[in-house]
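What follows is a single structure, written as structure tokens, with notes after it.
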Amino acid sequence: YFVKDIGVGTNASEEGALSTSSPEVRDSIPIGTPRIYYGEKTNTYVMTSTKVKELDYPSGSENVSNTYDGRGGISIGSMWRRLLFAQYLRDWQMLLTENFTSQSKLLLRRNIKQRLQAIIPFVYYDQDPYLVTADIGDANNHLYWIVDAYTTSDHYPYSDPGKGKFNYIRNSIKAVIDAYNGEVNFYIADAEDPIIKTWSKIFPNLFQPLADMPTALRSHIRYPVDLFNIQSEQLLNYHITDPQVFYNREDLWRIPQEIYGNESQPIAPYYLIMKLPAVSSEEFIVLQPYTPVARNNLIAWLAARCDGDQYGKLLLYEFPKQELVYGPEQIEALINQEPEISEQITLWNREGSRVIQGNLLVIPIERSLLYVEPLYLEAEQNSLPTLARVIVVYQNRIFMRKTLEESLRAIF
């Protein structure tokens, strides 16, 4: 537990370290210190500042080492502390090793979900933490995790619990974890929520106003996908405003299916940058399409806005019922029936590779829709899929090219 391959950058490379896809990408993102000591997969404790150097990343025939100099961790420089933590961790090697120094530290609870649960166990945490890069003037330390947290209740009057165990939910907290130092800050995102008001009075020093979050971090806040999932599922029934239609369960919607790999699955909400109808500029949103229960055509889509003063606003766009708009399942059928595409997929499969159909994206453009689906190739000897083609569908025209840019040029 003394040597750990930390790596640098943002994408996996052949050597196992991390690297950016191009110098232009690397130079445009202020990654700063790229090492992640607190993350989603860091499930074990580690000892730092020992006589054994950390394996940072391979460079040619040599390995580059590193020594942790962050603020995280608990000092274990004294024998008494080592004895205490050897008993706590049931790790008696801590008493036998000669690699500790007076500066040695123990980094515990490095998994960010476990770390948050240890501090505030009485809220529900979003299943999709996201890593952001932000320069807030902290000694070149630019990587932070943002995790949405929810206050919930199962006692809210006249509220449908849906598939969950609660019928009240608010995205009341934004948690920020320093990926290098492990420091955690909780910011109140919904000051009107009565539950978070109560908790903040019980623990007055635990929560901070959202206005106190550094601007560089606040600009990365997005509408949480778990909350959007719950809201979009409730809308399957509760978009109906006519009591008689609702009682008869007419005009119900469903989440459309897509082909991912070789299996059918519901389309999950996805983030994209687009210009909403009647809006002058592009913005960051999360989107969910809908189809009727008994048909495959697209009937509506729901968007949650993520930027600035528009944050949190939900917009529902419904298509006229007299117009037939192809839905994701119909587009998948058109793609699989296209001779050029089916022949290429058959050829790849014969050559020993496995073709993986990626997520189908429905992208509204002005008064029409653009469908984009990537194709990945997975070789038998290498489990890492690579992007092979990008399929674009627009107004019943289908093009497949090596890149998205080439496909868009072909179709427009």
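The numbering of the sequence shown is our numbering, which starts it at -6 and goes up by one. A virtual CB, placed ideally from N, CA and C, is assigned to each residue, including glycine.
If the criterion is Cβ atoms closer than 9 Å, does the pair residue 118 and residue 79 meet it?
Cβ distance not < 9 Å, so residue 118 and residue 79 don't count as in contact.
Is the number of C-beta pairs between the segment 198 to 212 and the segment 164 to 173 that are closer than 8 Å three or more?
Result yes; three or more Cβ-Cβ pairs closer than 8 Å.
By the three-class DSSP mapping on this structure, what secondary structure does residue 87 have?
Of the three classes helix, strand and coil, the one that applies to residue 87 here is helix, per DSSP.
Going by C-alpha distance, which of 347, 391, 363 and 396 is nearest residue 373?
Among 347, 391, 363 and 396, the Cα nearest to that of residue 373 is on 347.
Shortest alpha-carbon distance to residue 365 belongs to which of 93, 318, 350 and 223?
Cα-wise, what sits closest to residue 365 is 350.
Are at least three pairs of beta-carbons, each pair with one atom in the segment 212 to 224 and one in the segment 151 to 168, less than 8 Å apart?
Output reads yes: the segment 151 to 168 touches the segment 212 to 224.
Are three or more beta carbon pairs between the segment 314 to 323 and the segment 249 to 257 nearer than 8 Å?
The segment 314 to 323 is in contact with the segment 249 to 257.
Under 9 Å between C-beta atoms of residue 63 and residue 173
The answer is yes: Cβ separation under 9 Å.
Give me the Cα-Cα distance between residue 163 and residue 188, rounded to the nearest whole angstrom.
Each residue's Cα considered, the two are about 9 Å apart.
Just curious, the beta strand (DSSP E) that residue 230 is in, first and last residue?
Counted as a single uninterrupted DSSP element, the stretch harbouring residue 230 is not any beta strand (DSSP E) but the alpha helix (DSSP H) occupying residues 218 to 231.
The alpha helix (DSSP H) that contains residue 208, what's its start and end?
Where residue 208 is concerned, the enclosing alpha helix (DSSP H) stretches over 208 to 211.
For residue 112, which residues from the same chain have a beta carbon less than 7 Å from its beta carbon, with the 5 sequence-adjacent residues on both sides left out?
Setting aside the 5 residues that flank it on each side, residue 112 is surrounded in the same chain by 177, each with a C-beta closer than 7 Å to its C-beta; the list follows chain order.
Inter-residue Cα distance where the pair is residue 90 and residue 192
Between the alpha carbons of residue 90 and residue 192 lies a gap of roughly 44 Å.
According to DSSP, is residue 301 helix, strand or coil?
For residue 301, the three-state secondary structure derived from DSSP is helix.
Note down, one range per segment and in chain order, each alpha helix (DSSP H) of at least 4 residues found wholly within the segment 174 to 206.
Those alpha helix (DSSP H) runs which fall completely within the segment 174 to 206 and span 4+ residues are 187 to 195.
Just mark residue 393 as buried or exposed, buried being the case when its beta carbon has 16 or more other beta carbons within 10 Å.
Around the Cβ of residue 393, a 10 Å sphere holds 16 or more other Cβ atoms; the residue is buried.
For the alpha helix (DSSP H) containing residue 150, list its first residue and its last residue.
Counting along the chain, residue 150 falls outside any alpha helix (DSSP H), and DSSP gives it neither H nor E.
Buried or exposed, going by whether 16 or more other CB atoms sit within 10 Å of the CB of residue 47?
Counting other Cβ atoms within 10 Å of its Cβ, residue 47 reaches 16 or more and is therefore classed as buried.
What residue range does the alpha helix (DSSP H) around residue 107 cover?
105 to 112 is the span of the alpha helix (DSSP H), which, as asked, contains residue 107.
Using a 10 Å radius around the Cβ and a threshold of 16 neighbouring Cβ atoms, would you call residue 148 buried or exposed?
By the beta-carbon neighbour count (other beta carbons within 10 angstroms, threshold 16), residue 148 is exposed.
Contact check, residue 233 vs residue 202, beta carbons under 9 Å:
For the 9 Å CB-CB criterion, residue 233 and residue 202 do not form a contact.
Which listed residue (88, 138, 129 and 115) has its alpha carbon closest to that of residue 123
Ranking 88, 138, 129 and 115 by Cα distance to residue 123 puts 138 first.
Roughly how many angstroms lie between the CA atoms of residue 42 and residue 185, to the nearest whole one?
Answer to the nearest angstrom: the Cα atoms are 45 Å apart.
Is residue 342 helix, strand or coil by DSSP?
Note: residue 342 maps to helix in three-state DSSP.
Give the DSSP-derived three-state secondary structure of residue 350 in the structure shown.
Strand, per DSSP.
Residue range of the beta strand (DSSP E) that includes residue 392:
It spans 390 to 394 - the beta strand (DSSP E) in which residue 392 sits, taken as one unbroken run.
How should residue 97 be labelled, buried or exposed, when 16 other C-beta atoms within 10 angstroms of its C-beta is the threshold for buried?
Note on residue 97: 16 or more other CB atoms within 10 angstroms of its CB, so buried under the neighbour-count rule.
CA-to-CA distance, residue 35 to residue 108, given in whole angstroms:
When rounded, the distance between both Cα atoms is 11 Å.
Straight-line Cα distance separating residue 305 from residue 152
The straight-line gap from Cα to Cα measures roughly 21 Å.
Could you compute how far the alpha carbon of residue 20 sits from the alpha carbon of residue 49?
Taking the straight line joining both Cα atoms gives about 21 Å.
Residues of its chain near residue 308, where Cβ-Cβ distance is below 6 Å and the 5 sequence neighbours each way are ignored
Short of 6 Å from the beta carbon of residue 308, and not among the five residues preceding or following it, lie these beta carbons of its own chain, in chain order: 296.
Please confirm whether residue 59 and residue 28 have their CB atoms less than 9 Å apart.
Judged by beta-carbon spacing, residue 28 lies within the 9 Å limit of residue 59, meaning their Cβ atoms are closer than that value.
Is residue 327 closer than 9 Å to residue 389 when the C-beta atoms are compared?
With contacts defined by Cβ atoms closer than 9 Å, residue 389 and residue 327 form a contacting pair.
From the DSSP secondary-structure annotation, give me the bridge partner or partners of residue 51.
As computed with DSSP, residue 51 is found in a beta bridge with 56.
Close beta carbons around residue 254, own chain, < 8 Å, minus the five adjacent residues each side
Excluding sequence neighbours, residue 254 sits near 349 and 350.
Let me know the secondary structure DSSP gives residue 93 once reduced to three states.
Residue state, collapsed to three classes: coil.
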